[in-house]
Amino acid sequence: KRSTITMETRACQNCKNDFTIEPDDFSFYEKIGVPAPTFCPECRMVRRMCWRNVRSLYKRECGLCKKSLISMYSTGHSAPVFCTDCFAGDGWNQYATGKDVDYSISFFQQVRELFEVAPRSFAYHTGSLINSEYTNYSADNKNAYLSYSVIGCEDVMYSDSIDKSKNTLDCSSVQKLDSCYSNVDCEGNYNSRYMVNSQNCIDSYFLYDCANCQDCALSWNLRNQRFVFKNQKLTKEEYENAVLELKLTSSTGVEKTKKIFDSMLKEDAVHRYAQIINSPDVTGDHISNSRNIVYGFDVHNCENIKYASRVLLNTKDSYDLQGLAQGELIYEAVAASFGTYNDHFCYITLGSKDCEYSLILRNCSDCFGCVGLTNAKYCILNKQYEKDEYFAEVKKIKKHMMDMPFIDVVGRKYFYGEFFPHEFSPFAYNETTALDNFPIKEEEAKGKGFNWKEREKREYTMTLLSKDLPDDIYAVEDSITAETIACPNDGNTLFQCTVAYKIHPNELQFYKQKGIPLPRYCPNCRHYARLGYKNSMRLYTRTCSNGCGTQFQTTYAPDRPEKVYCETCYQKEVL
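Here the sequence shown is numbered in my numbering, starting from 68 and rising by one per residue.
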């Protein structure tokens with residue numbers, strides 16, 4: 068037992084940096100019966116992110132009914148993909164790919180071989196989806212279009228990590244928005260645009276870290292204010308005239324105002340060391356209504372979570388998560404959600420329990436090294452076992468995994484207790500959220516053993532350059548929806564640029580109703596521009612910029628120019 072050890076420092080076998088395993092960590096590993104990791108927390112996070120492709124979609128056809136699909140698996144991925152109806156239907160035998168365990172080769176390799184042939188659902192869709200086929204990691208949505216990691220939304224477009232919102236476009240990491248545009252890390256806003264880290268604001272523009280404000284613009288650190296412009300209180304008439312002078316119905320007006328806003332963030336605004344709301348005993352960023360969270364990012368309504376990102380809906384007592392909702396006792400998992408319990412080293416398991424090293428399971432229990440099963444129990448490599456036989460075989464497999472680890476292309480060893488290797492992922496590094504949060508270039512990615520994919524060449528007949536779009540939204544004619552517009556980034560792989568884009572009729576209606584100019588870049592490039600307002604998922608030790616001497620853990624690197632305050636100084640400063 069490790070309970071008597073205060074802590075242990077190990078060298079990460081990937082980056083070679085030291086990392087610490089605390090007594091509580093050992094207690095958790097003992098509780099779920101797994102060995103301590105050999106990768107550091109950040110390398111484990113990147114490894115999981117290499118398995119989470121939410122935005123790169125491809126045309127495929129269903130392996131059974133041949134219906135055309137938009138799938139997260141490219142045509143280069145050999146395993147068949149099924150549409151929702153076929154995957155849930157009885158037109159195929161989910162055990163047909165089952166096989167015996169081969170103790171002469173690595174078990175990891177055997178799971179890899181199974182994953183390359185076993186059918187799976189074309190995308191991650193669950194719950195009720197109405198007119199929302201152009202989404203991924205999508206649950207209970209209506210009229211969602213080109214939106215990703217989206218839950219309980221209606222009439223949303225070009226957004227990601229968005230929950231319980233409606234009539235909203237081009238937003239990232241937001242909840243409970245209505246009629247908003249270009250919000251990042253916001254909650255509860257209405258009819259507001261170009262907002263960052265703001266909550267419960269109405270009819271406002273270009274706000275940073277504001278709450279409960281109405282009719283405010285180009286301001287920062289406001290609370291319960293109205294008719295404030297550049298942090299100056301104005302009369303209603305003065306405020307309306309000031310906003311009119313910005314000319315926010317034109318692209319040139321928005322770009323000019325955006326430059327002012329970006330300068331304001333660096334030079335004037337006070338930055339709270341972390342966006343933490345109603346959450347005691349936490350470290351990380353963008354955490355709300357939670358407790359006992361360590362190294363967490365975008366965690367909401369959870370408890371006892373460590374090393375995790377995008378976790379919500381009462382998840383608890385879990386470590387090393389990438390995208391999780393309603394789970395418990397989960398470890399090293401990607402999208403193990405909606406009632407999943409005690410799953411370890413899994414990828415997309417819904418409503419499953421006591422499963423390990425499995426991929427794309429629904430309502431399964433006691434499965435080890437399985438792929439694409441539904442309502443299955445006591446299975447190994449998609450082969451059915453009797454209960455006692457199953458547990459005896461699993462025990463034997465775990466010993467085999469320790470005795471014969473998988474060794475990847477750069478020499479990293481994978482024993483029982485490590486998540487799947489990077490090279491097993493069906494996605495390239497630049498197709499996944501790894502690129503979003505830990506951006507690197509192709510040469511570096513390949514040197515680290517990551518997959519990299521050249522973008523599929525698509526031939527477009529461009530009918531309009533974005534620079535030739537009408538400047539003001541009210542000069543735009545409905546015929547614009549027939550145009551194929553060239554994106555200025557012209558296929559830049561770091562932005563996953565789509566080269567061309569179109570204006571959807573519903574999108575145009577939204578812009579005209581709200582007075583928002585047409586976008587000048589494709590949706591993917593706009594996504595990466597929004598990421599510029601989010602910090603990396605790294606924590607640094609920094610001292611309060613107000614001179615009080617307090618040190619804290621923050622996502623603001625010490626060499627960044629912003630004024631970053633501790634909690635006490637921040638609370639004294641906000642208006």
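Ideal Cβ positions, reconstructed from N, Cα and C, are used throughout, including at glycine. Computed from a predicted structure; not experimentally measured.
- Residue 449 and residue 165 do touch by the CB rule: their CB atoms are close to 4 Å apart, below 8 Å.
- In the displayed model, residue 112 falls within a helix according to three-state DSSP.
- The Cβ-Cβ distance between residue 501 and residue 520 does not fall below 7 Å.
- With respect to the 7 Å criterion, residue 146 and residue 183 are classified as neighbours on the basis of their beta carbons.
- Sorting 186, 148 and 141 by C-alpha distance to the C-alpha of residue 160 places 186 at the top.
- By the Cβ neighbour-count rule, residue 76 is exposed, with fewer than 16 other Cβ atoms within 10 Å of its own.
- Inside the segment 437-523, DSSP marks whole beta strand (DSSP E) runs of 3 or more residues at positions 444-447, from first to last along the chain.
- CA-to-CA, the gap between residue 456 and residue 422 works out to about 16 Å.
- Per DSSP, residue 594 is one residue of the alpha helix (DSSP H) stretching across 590-598.
- Rounded to whole angstroms, the gap between the alpha carbons of residue 486 and residue 640 is 44 Å.
- Bridge pairing for residue 287: 275 [DSSP].
- Check the Cα spacing between residue 177 and each of 435, 403 and 265: the tightest is with 435.
- Between residue 534 and residue 550, the beta carbon gap of about 13 Å keeps them out of contact (Cβ cut-off 8 Å).
- In the same chain as residue 552, and ignoring 5 residues on each side of it, the C-beta atoms closer than 6 Å to its own belong to 531, 533 and 568, in chain order.
- 7 Å or more divides the Cβ of residue 107 from the Cβ of residue 132.
- At the C-beta level, residue 175 and residue 464 stay beyond 7 Å of one another.
- In the three-state reduction of the DSSP assignment, residue 638 falls in the helix class.
- DSSP lists 75 as the beta-bridge partner residues of residue 88.
- Considered as a whole, the segment 287-357 harbours 303-313 and 318-334 as its complete alpha helix (DSSP H) runs of no fewer than 4 residues, in chain order.
- In the DSSP assignment, residue 618 falls outside any alpha helix (DSSP H) and within the unbroken beta strand (DSSP E) covering 618-621.
- With distances taken between CA atoms, residue 96 lies nearest to 412 out of 242, 292, 412 and 316.
- With at least 16 other beta carbons inside 10 angstroms of its own, residue 484 counts as buried.
- In the structure shown, the three-state DSSP call for residue 105 is coil.
- A check of alpha carbon separations from residue 143 across 274, 493 and 396 identifies 493 as the nearest.
- The beta carbons of residue 406 and residue 390 sit no closer together than 7 Å.
- Exclusion of the five residues before and after residue 197 leaves 209 as the residues of its chain whose Cβ lies within less than 6 Å of its Cβ.
- Around the beta carbon of residue 316, 16 or more other beta carbons sit within 10 angstroms, so the residue counts as buried.
- Comparing C-alpha distances from residue 124 to each of 116, 192, 94 and 202 shows the shortest one belongs to 202.
- If you draw a straight line from the Cα of residue 371 to the Cα of residue 228, it comes to about 22 Å.
- The way I'd put it, the segment 242-255 does touch the segment 263-273; three or more beta-carbon pairs between them come closer than 8 Å.
- DSSP, reduced to helix, strand and coil, places residue 281 within a strand of the structure shown.
- A straight-line Cα-Cα distance of about 18 Å links residue 584 and residue 226.
- The beta carbons of residue 129 and residue 150 sit closer together than 7 Å.
- According to DSSP, residue 389 shares a beta bridge with 376 and 401.
- Counting other Cβ atoms within 10 Å of its Cβ, residue 308 stays below 16 and is therefore classed as exposed.
- Sequence-distant Cβ neighbours of residue 628 in its own chain, meaning closer than 6 Å and more than five residues away, are 333.
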